[in-house]
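If you read the sequence shown in this note's numbering, its first letter stands for residue 39, the second for the next number, and so on.
Everything below concerns the one structure shown next.
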Amino acid sequence: MRKRAYFYAVCVLLSMALSGVALADHHAIKLSGKDGVGKFFTDAKGMTLYIFKKDSPGKSACAGPCVEKWPLYFREKVAVPEGVTEGDFSAITREDGKRQTTYKGWPLYYYAGDKAPGDVLGQGLGNVWFVANP
39 MRKRAYFYAV CVLLSMALSG VALADHHAIK LSGKDGVGKF FTDAKGMTLY
89 IFKKDSPGKS ACAGPCVEKW PLYFREKVAV PEGVTEGDFS AITREDGKRQ
139 TTYKGWPLYY YAGDKAPGDV LGQGLGNVWF VANP
């Protein structure tokens, strides 16, 4: 009888662990705001997401050393905040073979200079990098 109870307990724990893996693929996009910047998207940890004006919908122009300063944001699926359309988020396969999440076709990035949640140090850099906003 004890072996059976142990077996069921292991099955339940394993089932819970596997469902957690599936949920890990689902990543929340949050909406944040700051005076002088307005509303913008962040990842689940509050790190700001950016767009690059040299990109075009569905295509990234940031490659090589650019990606070191502007790391790619990618999640297969995202949960969106209220008032934002889930269908506006998608993903592309870049020329380097890496995947990248897009908002309304525009690839999303982090800025390596942002160290803490809510940092927007990449805003306006080179007049081509801007926070991603709804």
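For each residue, glycine too, the CB sits at the ideal point set by N, CA and C.
For residue j and residue i, the rounded distance between their alpha carbons
i              : j                 : result
leucine 146    : glycine 125       : 15 Å
leucine 69     : valine 122        : 9 Å
glycine 135    : lysine 97         : 12 Å
arginine 132   : glycine 143       : 13 Å
methionine 85  : glycine 71        : 12 Å
glycine 151    : glutamine 138     : 20 Å
leucine 163    : cysteine 100      : 14 Å
asparagine 165 : proline 95        : 18 Å
aspartate 73   : glycine 160       : 15 Å
isoleucine 67  : lysine 153        : 18 Å
valine 169     : phenylalanine 127 : 15 Å
threonine 140  : aspartate 157     : 21 Å
methionine 54  : histidine 65      : Confidence is the limiting factor: at methionine 54 the pLDDT is only 40, short of 50, which leaves the residue's position unreliable and the question unanswerable from this model.
Best match in the options for proximity to residue i [C-alpha to C-alpha]
i            : options                        : result
valine 116   : Ala129, Val105, Val166         : Ala129
valine 105   : Thr140, Val169, Val75, Phe90   : Phe90
threonine 80 : Lys92, Ala101, Arg113          : Arg113
proline 172  : Lys92, Asp93, Phe78            : Phe78
proline 155  : Arg137, Phe127, Ala82, Asn165  : Ala82
tyrosine 88  : Pro119, Gly102, Pro103, Trp108 : Trp108
Where the alpha helix (DSSP H) through residue i begins and ends
i          : result
lysine 107 : 103-107
Segment limits, beta strand (DSSP E) that includes residue i
i                : result
glutamine 138    : 137-141
tyrosine 88      : 88-90
phenylalanine 79 : 76-80
glycine 71       : 68-72
lysine 115       : 115-117
Residue(s) in a DSSP beta bridge with residue i
i           : result
valine 169  : Tyr88
alanine 129 : Thr139
leucine 110 : Tyr147
lysine 83   : Answer is none; lysine 83 lacks a bridge partner.
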